Structures are given as structure tokens and as C-alpha cells.
Amino acid sequence: MKTKMGFGQKFAYSFYDFAAYKEFVIQGLGKAIFYTFLVSLILSIITNIKTIDEFNSEISSVQATFIHSAPNFEFKDGILSVSSDEPIYYKHNDTMFIVDTSGKTTSSVLAPYSDGIYINSDTLTLRQNYNTVQTISLSEFNQFGDFVLTNKIVLDLFSVSKLIVPVLLLILNPIISFLVNLVSIFAILAPFSLSISSLMEVNLSYVKACTLSCYAITLPLLLEALLFVAGINIPEFYIIFYLIGVVYCGLAIKEIKKTDKSNLNYMN
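The sequence shown finishes on residue 270 if you use the working numbering, and the numbering steps up by one all the way, no holes.
Set out below in C-alpha cells:
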């Protein structure tokens, strides 16, 4: 086997060629971490496509409902005014929303409902399990400066969110995924690999165990991404995830045991 392998070769060999893990160890931890970064980046892009599509679809649905159902309103100087017949009743799932800036009602209209939100011209009341849990003065929204909200501003916020959120996901998700994967490698798979190597009487160092784990985690990560894209939820999947990773580490160590250990510098 050639020592120089590109990302594509490493990705493919990590699934089935346990002899390649010997070369992975020789190349060192630095290249293994970079490999993990590339895998995390690619799989994050794949899962982000679905996440972004679902987010934009949900925002478009909310935006359409807002356009057709929301009355004209203005919130300025801590006071809400609505250009519509009031009170307005709107139920979403099990939560009742009541808006009345005319002064015809009070928060007591929430009494028949387990969960609800009541908004008048200057106060928001939150109710859960038939109990009022919080009352907020709308003027509090002005404590960091003049806060103005209208129908047009809300629609603009919907449009902006369709641009900003996808960009943030594309930037942050790969970084978060990479860091989480490193924790899985260094804190879980590597210690298990050391235990397996001890049982197999292979003098494997922690650094080498981490190196192996960077490649052994490839299949679990790919399965996780594919299940997410397919919308398949497997309860306690993390058990399967780490079990596959540990098995791959064990098979790699078994293959490495057949080689001349002195050439691999296990203790370094």
C-alpha cells in the first residue's frame, strides 16, 4: 500500500481496508485531524441542505400566514396599536393568543385556556397550566433604545432571516460538528481503543489510538448524516454510532498487530 493517499482514498479505505489503517497511523495525528475536519465539513454541507430547505419552507409558510391573517399594527414607544376589530383570537396548537388593545377585555379572558398569551396595548401576559406565570410590560422592549415594529418590518425580518440563517448554518455547523467529532474521538473512541489494544497485547499509545479513531469514526458519521437526510430517527442511535466506531478500531488494531510494531513507533 502506498503511503501517500488523497482524501478520497482515505475516505474509501476507512470503510473496508483495515490494512490501510497502518498507513493512517504512520501519517500521524495531524493529518488525521485534518481528515476529520474535511469529513465534518462535507457531511455538514449535506445535512445543511436539508436543514436550510426545511427552515426556508417553514419561514415561507409562517410568512404567508402572517400576510393573510395578521392585522395592521404598530408598536412604538412601548405602546401597541392594532387596526382591526378586537379582541383577536388565534389558536396555534394548544396555545391561545388573544390581542386586545381597545381596552374591552383584561387578561382574565385567558381563564378558560390552559396555555395562552394575552396582549393589550402595553402588557403581555403569559399563562401556562391555567396559571399566569409572567406579565411583561411592553415598554421593557425600549430599554435598549427606541423599538418600532410594524407589519412591513416583520415581513422584512422574515426575508432577512432566509438569507442570514442559512449563511450562519453553513459557517457554524461544520465548526460545531468538527469540535463534537473531536470530543468523540479523544474522549470516547481513543480510550476504548487503548482498552482493546491492551486486551490484544498491542502496545498502542494514546496518540496512535486517537489517530485510528479519526478514521474509524467515518462510517458512523456517514450513517448519521444519511439517516438525517432520509428523515429516519433511530432511538439511542448514539449507541450504534460508538459501537461501530469501536468495532472498526478493534479490527484496525487486529490488522496492525500483524505488522512489525517497531516500524510504527507505538510509544511515540
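Cβ atoms here follow ideal geometry from the backbone N, Cα and C, with glycine treated the same way.
Please read these numbers as outputs of a predicted model, since none were measured by experiment.
When the Cα atoms are used, what is the spatial distance from L206 to I242? Within the model, the alpha-carbon separation for L206 versus I242 is close to 25 Å.
What are the boundary residues of the alpha helix (DSSP H) that includes V271? The chain is shown from 3 up to 270; residue 271 falls before or after that span and cannot be answered.
Within its chain, find whatever has a CB closer than 6 Å to the CB of E76; leave out the 5 residues flanking it on each side and keep chain order. Taken in chain order, the residues that qualify are S83 and T152.
Hey, out of L31, K6, K78 and V182, whose CA is closest to Q272's CA? Given that the chain is displayed from residue 3 to residue 270, the structure contains no residue 272 and the question cannot be resolved.
Which residue from G32, T97 and I246 puts its Cα closest to that of R129? The residue with the shortest Cα to Cα distance from R129 is T97.
With A34 and F26 assumed to form a contact (beta carbons below 8 Å), what rounded beta-carbon distance in angstroms separates them? The pair is a contact, with the Cβ atoms about 6 Å apart (cut-off 8 Å).
On the DSSP letters alone, give me the boundaries of the beta strand (DSSP E) that D117 sits inside. Its beta strand (DSSP E) spans residues D117 to I121.
According to DSSP, is E203 helix, strand or coil? Looking at E203 - three-state DSSP - the assignment turns out to be coil, as it is neither helix nor strand.
I need the straight-line Cα distance from P193 to G247, nearest angstrom please. Each residue's alpha carbon lies about 12 Å from the other.
Residue range of the alpha helix (DSSP H) that includes L82: L82 -> not in any alpha helix (DSSP H); beta strand (DSSP E) instead, spanning I81 to S85.
Closest to S46 by CA distance: which of C251, E226 and K256 is it? Nearest option by C-alpha distance: E226.
How is the beta strand (DSSP E) around I100 delimited, first residue to last? For I100, the uninterrupted beta strand (DSSP E) run begins and ends at T97 to V101, by DSSP.
Do I255 and S199 have their C-beta atoms within less than 8 Å of each other? The answer is yes: Cβ separation under 8 Å.
Would you kindly check if the distance between the Cβ of T220 and the Cβ of S16 is under 8 Å? The Cβ-Cβ distance between S16 and T220 falls below 8 Å.
Give the single residue among G80, S63 and I51 whose Cα lies nearest to the Cα of T125. Ranking G80, S63 and I51 by Cα distance to T125 puts G80 first.
Apart from the five residues on each side of it in sequence, which residues of its chain come closer than 7 Å, Cβ to Cβ, to I190? Hits under 7 Å: Y244.
Tell me where the alpha helix (DSSP H) around V64 begins and ends. Segment L31 to S71, the alpha helix (DSSP H) holding V64.
Could you compute how far the alpha carbon of Y240 sits from the alpha carbon of S197? As the crow flies, the alpha-carbon of Y240 is around 20 Å from that of S197.
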